[in-house]
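Enquirer:
2 protein chains.
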Amino acid sequence: MLDGVRRLVRALRLSAREAERTVGLSGAQLFVLKSLEGRPETSPGELASLTATDQSSVSVVVARLHERGLVDRRRDPRDRRRFSLSLTAAGRRLVRGAPDPAQGPLVAAVEALGSADRRALARLLDRVVRGMGVRGRQAPLFFADEEPRRPGPRGGRRPGP
Amino acid sequence: MLDGVRRLVRALRLSAREAERTVGLSGAQLFVLKSLEGRPETSPGELASLTATDQSSVSVVVARLHERGLVDRRRDPRDRRRFSLSLTAAGRRLVRGAPDPAQGPLVAAVEALGSADRRALARLLDRVVRGMGVRGRQAPLFFADEEPRRPGPRGGRRPGP
DNA sequence: ACGAAGTGTATGGGCTCCCATGCATCGGCG
DNA sequence: CGCCGATGCATGGGAGCCCATACACTTCGT
Chain A
314 MLDGVRRLVR ALRLSAREAE RTVGLSGAQL FVLKSLEGRP ETSPGELASL
364 TATDQSSVSV VVARLHERGL VDRRRDPRDR RRFSLSLTAA GRRLVRGAPD
414 PAQGPLVAAV EALGSADRRA LARLLDRVVR GMGVRGRQAP LFFADEEPRR
464 PGPRGGRRPG P
Chain B
314 MLDGVRRLVR ALRLSAREAE RTVGLSGAQL FVLKSLEGRP ETSPGELASL
364 TATDQSSVSV VVARLHERGL VDRRRDPRDR RRFSLSLTAA GRRLVRGAPD
414 PAQGPLVAAV EALGSADRRA LARLLDRVVR GMGVRGRQAP LFFADEEPRR
464 PGPRGGRRPG P
């Protein structure tokens, strides 16, 4: 089973790389752009939840998209710690014109299964994910912000070694 | 479906990180060690196939394991382009003592499904992977060495831009 | 008003991954 | 025997991922 997942991931990754070349963006960048579609005011923290990745990873990807002029980034006046992210016109155009990376081959493979099998697979996969991430309670997005990940208190400078 | 896969991958990755800490190795390193178990003469190329990754990635991971004294690496006398990799005594001890990273939570979640669902999931996943990677023919390992990945001929220095 | 605690984001480090390239080696062919 | 094409592996580059940390900011309690 694990091996199956590994192979699936690699296939997706390679497929994403191929699709990337037509758009000139990486899979993560495109995914972030698509996640911002229809959301004019998303913070990097929210985006991290949406994309199920670490906020530091999102930070870097967003910085690159901002450099490319595909994402607009401005301080949230209500909370100056936060940023408000949204797609620029160029970003919107690009998102519309690009197929979802990796999804093409996956969708084709999934559709080849037949509808009953498709539903069964999605259901089982969902159960596995939930089973892995939940310790006795439900959570909409695993790990990202539901439970503290970093041990010990935050804040303040730590004394050096 | 894709989102389910992404979440699964992240859950696996995070789980692997946790397991890593008890062993002091990364998930990829541990996976490589386990792949060498019971195989006294594996080449990096074969290892790349076994682990479904690029040979350059394997090369770096193996170098680290070699530095750690967990993997023995010697030239293959029959073909000096190749290396022969095998676990050292320390590597064997470590592999035996360590649970498979990421597998714990996944196995637990999969076992919670029930045996009929487990079989169904494995079968469907396998079909999806095969469907993604195979264009009209069967292949034991996707992408790694079945089809040429790099466009154009190899060898010789390319003229610069 | 001030300090403490918590939050949001960026940065650095380490690792993995893939792509492209370069070097050493091997095998086949003329 | 020499050359050429192919192969195996290492290296560099770029990107992404997570962890830990730092700084700026917000909120809350005194």
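For the protein sequence lines, the chains are A and B, in the order given. For the first sequence, this note's numbering begins at 314 and goes up steadily by one. For the second sequence, this note's numbering begins at 314 and goes up steadily by one. Virtual Cβ for every residue (Gly too), placed ideally from N, Cα, C. Quantities reported herein were computed from a predicted structural model and do not represent experimental measurements.
Using DSSP bridges, identify the partner residues of S397 of chain B.
Expert: Looking up residue 397 of chain B in the second sequence gives position 84. Answer is B:R387, bridged to S397 of chain B.
Enquirer: Closest to L325 of chain B by CA distance: which of A:L327, A:R326, A:A329 and A:R319 is it?
Expert: In the second sequence, counting from the first residue as 1, residue 325 of chain B sits at position 12. Per the Cα distances, A:R319.
Enquirer: Under a three-way DSSP split, which group does D392 of chain A fall into?
Expert: Position 79 of the first sequence holds residue 392 of chain A. Reduced to three states, the DSSP call for D392 of chain A is strand.
Enquirer: By the three-class DSSP mapping on this structure, what secondary structure does T335 of chain A have?
Expert: As a position in the first sequence, residue 335 of chain A is number 22, starting the count at 1. If DSSP states are grouped into helix, strand and coil, T335 of chain A belongs with the helices.
Enquirer: Where do the N-terminal and C-terminal ends of the alpha helix (DSSP H) with A403 of chain A fall, by residue?
Expert: Within the first sequence, the letter at position 90 stands for residue 403 of chain A. Note, A403 of chain A: alpha helix (DSSP H), A402 to G410.
Enquirer: So what does T355 of chain A bridge to, in DSSP terms?
Expert: The residue you call residue 355 of chain A lines up with position 42 of the first sequence. According to DSSP, T355 of chain A bridges with A:L398.
Enquirer: My guess is that A425 of chain A and L343 of chain A are in contact by the Cβ rule of under 8 Å, so how many angstroms apart are they, rounded?
Expert: The residue labelled residue 425 of chain A in the question sits at position 112 within the first sequence. The residue labelled residue 343 of chain A in the question sits at position 30 within the first sequence. 24 Å between Cβ atoms; not a contact.
Enquirer: Give the residues of chain A in contact with R440 of chain B, contact being defined as C-beta atoms less than 7 Å apart.
Expert: Counting from one through the second sequence, the residue named residue 440 of chain B turns up at place 127. In chain order: L426.
Enquirer: Which of the three DSSP states, helix, strand or coil, is assigned to L378 of chain B?
Expert: In the second sequence, the residue the question calls residue 378 of chain B occupies position 65. The answer is helix: DSSP assigns L378 of chain B an H, G or I state.
Enquirer: Give the straight-line distance between the Cα atoms of D316 of chain A and D392 of chain A, rounded to the nearest whole angstrom.
Expert: Working through the first sequence from its first residue, we reach residue 316 of chain A at position 3. Working through the first sequence from its first residue, we reach residue 392 of chain A at position 79. Approximately 45 Å between the Cα atoms of the pair.
Enquirer: Does the CB of V373 of chain A have a neighbour CB from chain B at under 8 Å?
Expert: As a working mapping, residue 373 of chain A is identified with position 60 in the first sequence. No, its Cβ sits nowhere closer than 8 Å to a Cβ of chain B.
Enquirer: Once the 5 residues before and after R377 of chain A are set aside, which same chain residues still bring their CB inside 7 Å of it?
Expert: Within the first sequence, numbered from 1, the residue matching residue 377 of chain A stands at position 64. Taken in chain order, the residues that qualify are Q342.
Enquirer: Look at the Cβ atom of L349 of chain A, then the Cβ atom of S397 of chain A, and state whether they are nearer than 8 Å.
Expert: On the first sequence, position 36 is the one that residue 349 of chain A refers to. On the first sequence, position 84 is the one that residue 397 of chain A refers to. No, they are not a contact pair.
Enquirer: In chain order, what residues of the same chain have a beta carbon less than 7 Å from the beta carbon of Q368 of chain A, not counting five sequence neighbours either side?
Expert: By one-based count along the first sequence, residue 368 of chain A stands at place 55. Counting only Cβ-Cβ distances below 7 Å, and skipping sequence neighbours, we find P357, G358 and A361.
Enquirer: Can you pull the chain B neighbours of L349 of chain A, defined as C-beta to C-beta under 9 Å?
Expert: Position 36 of the first sequence, counted from the first residue, corresponds to residue 349 of chain A. Within 9 Å Cβ-Cβ: nothing; L349 of chain A doesn't reach chain B, min ~16 Å.
Enquirer: Compute the Euclidean distance between the alpha carbons of T401 of chain B and R330 of chain B, then round it to the nearest angstrom.
Expert: As a first step, residue 401 of chain B is located in the second sequence; it is residue number 88 there, counting from the start. As a first step, residue 330 of chain B is located in the second sequence; it is residue number 17 there, counting from the start. Distance between the alpha carbons of T401 of chain B and R330 of chain B is about 24 Å.
Enquirer: Hey, how far is the Cα of R323 of chain A from the Cα of L338 of chain A?
Expert: As a first step, residue 323 of chain A must be located in the first sequence, where it is residue number 10. As a first step, residue 338 of chain A must be located in the first sequence, where it is residue number 25. Their Cα atoms are separated by approximately 18 Å.
Enquirer: Let's test the definition: count the other Cβ atoms within 10 Å of the Cβ of T366 of chain B and tell me whether it reaches 16, buried, or not, exposed.
Expert: The count along the second sequence starts at 1 and reaches residue 366 of chain B at position 53. Classification for T366 of chain B: buried.
Enquirer: Could you check whether L346 of chain B and G382 of chain B sit closer than 8 Å to each other, using their CB atoms as the reference points?
Expert: Mapped onto the second sequence, residue 382 of chain B falls at position 69. Mapped onto the second sequence, residue 346 of chain B falls at position 33. Going by C-beta atoms, G382 of chain B is not nearer than 8 Å to L346 of chain B.
Enquirer: Residues of chain B with a CB under 7 Å from the CB of V336 of chain A: which are they?
Expert: Within the first sequence, residue 336 of chain A is the residue found at index 23, counting from 1. Result: empty, since nearest Cβ-Cβ is about 17 Å, beyond 7 Å.
Enquirer: Apart from the five residues on each side of it in sequence, which residues of its chain come closer than 6 Å, Cβ to Cβ, to L321 of chain A?
Expert: Start at 1 with the first residue of the first sequence, and residue 321 of chain A comes out as number 8. None.
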